[in-house]
Structure formats: C-alpha cells, structure tokens
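Chemist:
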Amino acid sequence: MNKEPSLDDLLANRNQAFENLYINLKSEFIGFARKFNLKEEHIIDIYQETFISFYENLLNGKIKMLTSSTKTYVFGIGKFKIYQFLRSNSKLKIIDEPVNPELSLDELTLTNQDLDEKEKLVKENFKKLSNKCQQILEFYYLQGKTLADIRDDQSYENVNVVKSLKSRCLRKLRNLVNA
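This note's numbering applies: residue 27 is where the sequence shown begins, and numbers increase by one.
#1: Counting along the chain, where does the alpha helix (DSSP H) carrying Q17 start and finish?
#2: Express the C-alpha separation of E183 and I56 in angstroms, rounding to a whole number.
#3: With respect to the alpha helix (DSSP H) encompassing K153, which residues constitute its N-terminal and C-terminal limits?
#4: First and last residue of the alpha helix (DSSP H) that includes L199?
#5: For E30, count the other beta carbons within 10 Å of its own beta carbon; 16 or more makes it buried, fewer makes it exposed. Which is it?
#6: In angstroms, rounded to a whole number, what distance separates the CA positions of I103 and N39?
#7: Counting C-beta neighbours from all protein chains within 10 Å, is the total for A174 16 or more, i.e. buried, or is it exposed?
#8: Beta-carbon separation of L51 and L84 under 8 Å?
#9: Is it true that the CB of I72 sits closer than 8 Å to the CB of F44?
#10: What first and last residue would you give for the alpha helix (DSSP H) that runs through G104?
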C-alpha cells in the first residue's frame with residue numbers, strides 16, 4: 027500500500043487524495059469484512075458508507091488529529107457500520123406480539139391449591155408492586171398487549187419508556203420473589 031495521506035493532504039487535495047485512499051484500502055477492508063459472513067454487495071455498500079462518514083467527519087472538523095493511522099480510523103468506522111448492519115438485519119428479531127389476547131386477570135381464577143410454591147410467591151408479591159407496575163405487567167403478560175398498545179393506551183412517550191418500565195417492574199417482582 028502507498029503511504030497514507032495526512033489529514034492536511036486530504037483536505038487540500040480532496041478528490042484525488044480521497045480517491046487514492048479509497049482504492050488503496052478497499053481490498054483490505056473487503057477481506058476484513060468477509061470475517062463477518064456478509065455478502066459482497068453489502069460489504070461494498072458498507073465500505074462506501076464508511077468512506078462517506080470519514081469524509082464528512084473530516085470536513086465537519088470532527089477529526090482534528092488522528093491518534094492512529096487513517097486505515098485504523100476508517101476500519102473503526104467500518105466495523106461500527108458492520109455491527110449496525112448486522113443488528114438491523116439480524117435473523118433474530120424481537121417480536122412484540124400478544125401472548126394470549128383473550129386472557130385477562132379477571133378470568134384468571136387460580137386457587138392457592140393449584141399453584142406451586144413459586145407461583146404463590148409471585149402472586150403474593152405481585153400485590154406488593156405499585157399500581158403502575160401491576161398494570162404494566164398485567165397488560166403485557168396476561169392481556170398480551172404489545173408495548174406499542176400499552177404506550178398508546180396509557181399515553182407513554184414512546185415504546186422504550188414502556189419497555190424499561192416493564193423491565194424495572196419485572197426486576198422488582200423477581201427481587202421480591204427471590205428475597
């Protein structure tokens with residue numbers, strides 16, 4: 027590979043310097059990205075997005091001085107973009123669908139005789155939770171409402187608020203049960 031241009035060289039002679047750097051790093055980046063089992067066209071797209079980000083960072087003044095080589099910096103952006111791509115195109119998707127929409131707490135008529143010891147603890151400690159926590163857990167687990175449905179019904183800001191509230195409430199319940 028040729029000598030890497032400095033940031034000043036890239037800014038002074040933008041088109042030619044970036045084109046040379048793009049060409050010089052391309053085959054190495056493709057080899058690097060193949061380790062992630064991506065299709066060739068996706069690797070090329072990610073490489074182009076990586077270079078666009080690098081170019082924008084340089085022009086916007088986000089990069090004043092590199093503490094590593096230009097290649098290391100570009101590959102760092104590329105690795106982040108690869109992870110971003112893998113997350114967004116993951117085969118494992120979290121599906122936010124109702125578990126059982128017909129089931130409600132009113133219809134749930136279990137006696138303590140029907141429940142094992144752990145279930146009794148859950149039932150007893152569920153009553154110790156705040157009304158908001160009881161409501162969120164009931165909506166999600168018993169009524170099978172999606173996080174989006176709960177957000178809309180209860181006027182929460184967004185799905186992430188509902189998700190974190192549900193998570194905190196479930197953690198509280200687990201802590202009470204395991205105490």
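Ideal Cβ placement from N, Cα and C applies to all residues, glycine included.
Modeler: Straight from the coordinates:
#1: The structure shown does not extend to residue 17, since the chain is modelled only from 27 through 205, so no value can be given for it.
#2: Spanning the two alpha carbons is a distance of roughly 42 Å.
#3: First-last for K153: undefined, no H or E at that position.
#4: V185 to N204
#5: buried
#6: 22 Å
#7: exposed
#8: no
#9: no
#10: T96 to S114
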